[in-house]
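Novice:
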Amino acid sequence: MLIQNSEPRIIIALDFPDADTALSFVKSLDPAQCRLKVGFELFVAAGPTLIEALQTRGFEVFLDLKFHDIPNTVAGACRTAAALGVWMINVHASGGRRMMEAAREALEGEGKRPLLIAVTVLTSMDDAELEACGIGRGVDGQARFLAGLTQESGLDGVVCSAREAPVLRQELGTEFLKVTPGIRPRGSEAGDQKRIVTPADAIRDGATHLVIGRPITRAQDPSAVLAAIHQELLGLET
Ligand SMILES: O=c1ccn([C@@H]2O[C@H](COP(=O)(O)O)[C@@H](O)[C@H]2O)c(=O)[nH]1
């Protein structure tokens, strides 16, 4: 399949401390070229008003709040998040099958619902850190296990590293979303990310969406970096 720009695969992580900074940043962006991700930092500061402001400007929003609680609480949070009209929301797969099913059921019958995905293993973690949390099967094994559980629970896809994308594509299919943070264009700093992959390699390996924060948001010329990434992806065969 040839990569098209009709469905923007790049999701820019707006990890900013307040609404003014975020809104000023998005002025140079085109909603046809990217989606936006709002996480804890910005949502705690600016809340639903900011989500509405971004959507009014034409952007689809991934509300990345990674819900992880008992099934009833997560179901309520998903219902409330869906009411904001966002494109995508997420939970932690390690919350378990009952929690993920409750999240999915909470979105049923609500008309146009957001995509619901689950975080497998954070891209900032490696085998050693996972082992230190008492999980000995390694990042690959744990991501595969949780991604399988996520699909069985009826969700639309997972957050994973693009390093796991090939095996997840093989085991769970191409329709099951693989939303991949830890994307680093060649030469950019890894920062706190451990499992990094370049944009082109990620798409080639089966990532359906690329989450990119600091390499774009902290660049001297964010639009130029975004354009370069689009160029890197143009005409790529997957
Ligand atoms: O496993 C995960 C899940 C979420 N994230 C989020 O993605 C972005 C990545 O930002 P960068 O600046 O490109 O590192 C950030 O908002 C994280 O909260 C993740 O990195 N890994």
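Those letters in the sequence shown? Residues 12 to 249, by my numbering.
Idealized CB from N, CA, C, for every residue including glycine.
1. Exposed or buried, which one is residue 245 when buried takes at least 16 other CB atoms within 10 Å?
2. What whole-angstrom Cβ distance do residue 191 and residue 218 have, given they're in contact under 8 angstroms?
3. Out of curiosity, what's the CA-to-CA distance linking residue 164 and residue 177?
4. Alpha carbons only, please: which of 158, 186, 102 and 120 is nearest the one belonging to residue 75?
5. Is residue 222 close to ligand 1? I mean its beta-carbon at under 7 angstroms from any heavy atom of the ligand.
6. Tell me, to the nearest whole angstrom, how far the beta carbon of residue 206 is from that of residue 193; I am working on the premise that it is less than 8 angstroms.
7. Closer than 7 angstroms: is that where the CB of residue 133 sits relative to any heavy atom of ligand 3?
8. Which residue's Cα is closest to the Cα of residue 167: 212, 55 and 100?
9. Between residue 102 and chain B, is any beta-carbon pair separated by less than 8 angstroms?
10. Can you grab the Cα-Cα spacing for the pair residue 162 / residue 39, in whole Å?
11. So residue 173 and residue 213 are supposed to be a Cβ contact under 8 angstroms. How far apart are they, rounded?
12. Taking a contact to mean a Cβ-Cβ separation below 8 angstroms, would you say residue 89 touches residue 117 in this structure?
13. Measuring only from the beta carbon, is residue 56 closer than 7 angstroms to any heavy atom that is part of ligand 1?
14. How would you write the range of the alpha helix (DSSP H) that residue 150 sits in, first residue to last?
15. Where do the N-terminal and C-terminal ends of the beta strand (DSSP E) with residue 75 fall, by residue?
16. Mark residue 55 as exposed unless 16 or more other C-beta atoms lie within 10 angstroms of its C-beta, in which case mark it buried.
17. Buried or exposed: residue 242, going by 16 or more other Cβ atoms within 10 Å of its Cβ?
18. Given this structure, state the Cα-to-Cα distance separating residue 105 from residue 139, to the nearest angstrom.
19. For residue 4, count neighbouring Cβ atoms within 10 angstroms of its own Cβ and tell me buried if that reaches 16, exposed if not.
20. Return the residue from the list 202, 188, 209 and 184 that minimises the CA-CA distance to residue 196.
21. Following the continuous alpha helix (DSSP H) through residue 169, name the residue where it begins and the one where it ends.
22. Looking only at its chain, what residues have a beta carbon closer than 6 angstroms to the beta carbon of residue 92, apart from the 5 residues adjacent to it on each side?
23. If I follow the unbroken alpha helix (DSSP H) through residue 222, where does it start and stop?
Specialist: According to the data block:
1. exposed
2. 4 angstroms
3. 21 angstroms
4. 102
5. yes
6. 5 angstroms
7. For the structure depicted, ligand 3 is absent and the ligand set comprises only ligand 1.
8. 100
9. Although the question refers to chain B, the structure presented lacks it and comprises just one protein chain.
10. 37 angstroms
11. 4 angstroms
12. yes
13. no
14. 149 to 163
15. 72 to 78
16. exposed
17. exposed
18. 18 angstroms
19. The structure shown does not extend to residue 4, since the chain is modelled only from 12 through 249, so no value can be given for it.
20. 209
21. Note, residue 169: premise wrong, no alpha helix (DSSP H); beta strand (DSSP E) at 168 to 170.
22. 74 and 100
23. Careful: residue 222 lies outside any alpha helix (DSSP H), inside the beta strand (DSSP E) at 220 to 223.
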